[in-house]
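Take a look at the structure below.
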Amino acid sequence: DEGHSWEVISPDLTRNDPEKLKPSGGPISNDNTGAEYYCTIFAFQESPHEGPEGTPVFWAGSDDGLIHISKDGGANWENITPPADLLPEWALISIIDLSAHDAGTAYVAATRYKSDDLKPYLLKTNDYGENWQLITNGIPEDDFTRTIREDPNRKGLLYAGTETGLYISFDDGENWEAFQLNLPVCPIHDIIIKDKDLIAATHGRSFWILDDLSPLHQIDDEVTSADMWLYKPGTVRRFKELGRFGQNVGEGKKIFGRISGMLLTSYHHENEQGDTEVEPLDAGKNPPSGAVIHYYFKEAPEGEVKLTILDADDNVVKEFSSETTNGTRVPKAAGANRFVWDLRYPDAEPVDDGGPTNARFADSLKGPIAAPGKYKVRLEANGQALEHKLKVKKDKRVKASKKELREQFDLLIELRDKLSELNGTINDLRKVRSQVVSWMERSDDEEIKGQGQALKDQLDKLEAELYSTRASDPRAFAGGLSDTLGALPPQIANADHPPTTQQVEGSEKVMGDVDEKLEEFRQLLTEEVRQFNRTVAEKDIPAVVAD
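Residue 1 is where the sequence shown starts when you use the numbering used here, and the numbers rise one by one after that.
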């Protein structure tokens, strides 16, 4: 009843030594701060597995070295303390971790540093405590242990916290390796695995989180012997706020060390100039938003590395490269690499030299977020191609169905393509006008100047209808069709819901208006521009003129 009343379910499960229960301090004054209490139950766990009769199974450990088990919900208890040659008396049973994979398996972390014994004590049983095994190979003799946890996602993958840091074992404790990464040297008092993230509680250095342990769940002999490996991505939740999209993560910090003979040197992050970025760590950060893609190279590839996202029908969604000079670069270092796809499709084409106007339209240019569904990730390097499926699921809080989110996505893609077509036409219009003005400036012929000026006036008028560079303040200046069209995507994508009737009708109306103006530009190209070209050709104006 949530602590409203209590009943005793065990005898005293400690040594109950009166000598350990006296006041601390003396001879002048006592020093009872609370830390000196002894003969207490320090670790207690209810098993995730039921007992033989379907009853709860309890495990209890005391700070004076005893371990007990009850397989019938506390009605009867059995002393299963490991023998003294494995765990000397008066050890503090710090943590009892019960395996999610096997009912009889438990892991124990204990310390005896208060008895001037700094040895690590990690123990394992596979038969409810009838037999115990000391599992400390690889941990220094003077680095005493405070916690041990098994990864619920992979049987036999263990993490241990000591007085100085973190260790990992891939073989159920037979061998341990340092897993310090970028952690400061400090006591790790406890560890928990939440979904696929590791959270470490330190003494004096706050909480630390290692997000996305999925590569550790997949490492095996095949992975460690491969020259190149693409890890299977986890399921991705689709959230609206995705931060800086396409961002590599890792920021130069060392994330993995040498694990099971596999050199995982670091997660590499490069900025757009190709320089490794390292930021001082003074606060926690949210994990990267989007699809986290892990891959490994035994040696750094010499050529290009490509990451391609495809939809379920093998249509290319987005491509990334290690050789890009404008955008997010794919890391290609030896060891472990990580890349984050922000779930966005490619952006709309911008207006060249749009300046502040492009900045104002940044949200309009963003590619839409992928709809929930099945996708693929393809890694290409060294003449090889590796591929894995990727599933994108909707935010659990979203009430819209997958069909409704697909309707929203389809409209956003249509608007993006139309905006690209519009902006591309504006860019083409400016190139045509620039050439017309150039021919006018290079010729004194009145016919050239007259036709050129008439054509320029038409192009100026059409550009003003399509795009206004003076519309940085819409309260003072009317915008062009690009302003109207560009205002629609952020509104429609503002929340996870199907587009409203007004949004659909408004989009169709604006796209229809854009099509009329694009057709007007095409008519200019086929008629007035073609006639101007004929006139220029007839006048035989020199192609190169020196003033």
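Note that beta-carbon positions come from the ideal geometry of N, C-alpha and C, so glycine has one too.
Please name the residue, chosen from A35, N427 and D151, that lies closest to I191 on a Cα-to-Cα basis.
I191 has its Cα closest to that of D151, out of A35, N427 and D151.
Tell me which same chain residues have a C-beta within less than 7 Å of the C-beta of E528, skipping the five on either side of it?
Cβ-Cβ distances below 7 Å link E528 to L455 and Q458 in the same chain, with the five nearest sequence neighbours on each side left out; the list follows chain order.
Within 10 angstroms of the Cβ of L166, are there 16 or more other Cβ atoms? Answer buried if so, exposed if not.
Buried is the call here.
In chain order, which beta strand (DSSP E) runs of at least 3 residues are fully inside the segment 352–420?
Fully contained in the segment 352–420 are the following beta strand (DSSP E) runs of length 3 or more, in chain order: 373–381 and 384–394.
Do K169 and L181 have their CB atoms nearer than 9 Å?
The residue asked about is misnamed: residue 169 is Ser in this sequence, not Lys. Taking 9 Å as the Cβ cut-off, S169 and L181 do not qualify as a contacting pair.
So, is H294 buried or exposed, given that buried needs 16 or more other C-beta atoms within 10 angstroms?
Buried, since its Cβ has 16 or more Cβ neighbours within 10 Å.
With a CB to CB cut of under 7 Å and the five nearest residues on each side skipped, what residues in its chain are close to G173?
Same-chain partners within the cutoff: L122, K124, I135 and L158.
Same chain, Cβ closer than 7 Å to V536, five either side skipped, listed in chain order
Only W439 and I448 meet the Cβ criterion.
Leaving out the 5 sequence neighbours to the left and right, which residues in its chain are closer than 6 Å to D352 when beta-carbon positions are compared?
Non-local beta-carbon contacts of D352 in its own chain, meaning distances under 6 Å to residues more than five positions away in sequence, involve N427 in chain order.
Element boundaries [beta strand (DSSP E), containing V340]
In this chain, the beta strand (DSSP E) harbouring V340 covers G335 to W341.
When you compare the segment 62–82 with the segment 37–47, are there three or more beta-carbon pairs, one atom per stretch, that lie closer than 8 Å?
These segments touch.
L411: which of M511, V436 and P27 sits nearest, CA to CA?
Comparing Cα-Cα distances from L411 to each of M511, V436 and P27, the minimum goes to M511.
Reducing DSSP to helix, strand and coil, say where V544 ends up.
Assigned with DSSP and collapsed to three states, V544 falls in coil, not helix or strand.
Using beta-carbon positions only, say whether L213 and N153 come within less than 9 Å of one another.
With respect to N153, L213 sits close: the two C-beta atoms are nearer than 9 Å.
Using the Cβ count rule (16 or more neighbours within 10 Å means buried), how would you classify K431?
By the C-beta density criterion, K431 is exposed, having fewer than 16 other C-beta atoms within 10 angstroms.
Look at L524 and L462 and say whether their C-beta atoms are less than 9 Å apart.
One thing to note: L524 has its Cβ within 9 Å of the Cβ of L462.
Measure the CB-CB distance between K332 and V305 and report whether it falls below 9 Å.
Their beta carbons are under 9 Å apart, which means K332 touches V305 by this criterion.
Judging by CA-CA distance, which residue of D515, D445 and H497 is the nearest neighbour of L538?
First, the residue type needs correcting, since residue 538 is Glu and not Leu in the sequence shown. Shortest Cα-Cα distance from E538 to any of D515, D445 and H497 involves D445.
Between E441, F44 and F239, which has its C-alpha nearest W341's C-alpha?
Comparing C-alpha distances from W341 to each of E441, F44 and F239 shows the shortest one belongs to F239.
State the CB to CB distance for the pair A109 and I148, rounded to an integer number of angstroms; the pair is presumed to be in contact (CB under 8 Å).
Between I148 and A109 the Cβ distance is about 4 Å, and since that is below 8 Å, they are a contact.
Sorted by chain position, which residues of the same chain lie with C-beta nearer than 6 Å to G73's C-beta, five sequence neighbours on each side aside?
The residues are T55 and P56.
Cβ-Cβ separation, V436 to F532 (assumed contact under 8 Å), whole Å
That belief holds up - the Cβ atoms of F532 and V436 are roughly 7 Å apart, short of 8 Å.
Classify P82 as buried or exposed, calling it buried when 16 or more other Cβ atoms lie within 10 Å of its own Cβ.
Answer is buried; the Cβ neighbour count reaches 16.
Mapping DSSP to helix, strand and coil, what is G25?
Residue state, collapsed to three classes: strand.
Just to confirm, are K393 and P372 a CB contact at a threshold of 9 Å?
With respect to P372, K393 sits close: the two C-beta atoms are nearer than 9 Å.
Local conformation of E505 per DSSP, three classes
Helix at E505.
For a quick check, are the C-beta atoms of G367 and P350 less than 9 Å apart?
In this structure, P350 does not lie closer than 9 Å to G367 by Cβ.
Selected residue, minimal CA-CA separation from V377, among G34, D313, R442 and S443
The shortest Cα separation from V377 among G34, D313, R442 and S443 belongs to D313.
Going by Cα to Cα distance, which pick from D197, H189, N76 and M228 is closest to V8?
Closest in C-alpha terms to V8, from the list D197, H189, N76 and M228, comes N76.
Return the bridge partner residues of F42 from the DSSP annotation.
Partner(s): none; F42 has no beta bridge.
Could you please give the first and the last residue of the uninterrupted beta strand (DSSP E) stretch that includes D483?
Where D483 is concerned, there is no enclosing beta strand (DSSP E), although the alpha helix (DSSP H) it sits in stretches over L481 to I492.
For the alpha helix (DSSP H) that E2 lies in, which residues bound it at each end?
First-last for E2: undefined, no H or E at that position.
Rounded distance between the beta-carbons of P120 and T145, thought under 8 Å
About 4 Å separates the two Cβ atoms, so the contact holds.
contact_flag[the segment 27–34, the segment 89–99] where n(CB pairs < 8 Å) is 3 or more
As far as the Cβ criterion goes, the segment 27–34 does not touch the segment 89–99, which means the pair count is below three.
For L307 versus S321, is the C-beta distance shorter than 9 Å?
A contact, by the Cβ cut-off of 9 Å.
So within the segment 106–184, which uninterrupted beta strand (DSSP E) runs reach at least 3 residues, ignoring any that extend past its ends?
Correct list: 106–112, 117–125, 145–150, 158–162 and 166–169.
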